[in-house]
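In this text, residue positions in the sequence shown follow the working numbering: the first is 88, and each later residue adds one. Each residue gets a CB set at the ideal place from its N, CA and C atoms; glycine is no exception.
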Amino acid sequence: MSLVTVPGKIRLYGGHAVLIMTEGNLHQAVCITDDAMPGGGDVMQGLLQSLHLYESIADRKFAEGELAYDGRVWITSSDINPH
């Protein structure tokens with residue numbers, strides 16, 4: 088199984104987003120920083136269109152134990168465009 092976003096659990100806060108993802112009985116908060124957010128017009132629509140990408144990044148980071156000090160998975164621009 089993989090982390091997937093709970094329907095209706097995407098919130099925009101200023102320049103970043105918080106998603107609640109689930110895998111079985113586990114619930115995990117995932118934050119997407121402003122530099123990793125989709126550009127252009129409707130930010131929420133862009134998030135929904137890129138949801139599979141964010142879910143796969145969050146799933147990988149969670150599986151590898153890449154949790155921040157606050158217990159969340161943080162997705163930044165370096166996760167979207169690795170160099």
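Going by DSSP, Y141 is part of the alpha helix (DSSP H) stretching over 138-150. Distances from the CA of I97 to each of S165, Q136, I167 were compared; the closest alpha carbon is that of Q136. One alpha carbon belongs to A116, the other to G133, and they sit about 19 Å apart. Secondary structure note for L106: its beta strand (DSSP E) is the uninterrupted segment 103-110. Under the three-state reduction of DSSP, L135 is assigned to helix. Between M108 and T120 a beta carbon distance of about 16 Å is seen, past the 8 Å cut, so the two are scored as non-contacting.
The distance from the Cβ of E110 to that of L140 is about 17 Å, inconsistent with a contact at the 8 Å cut-off.
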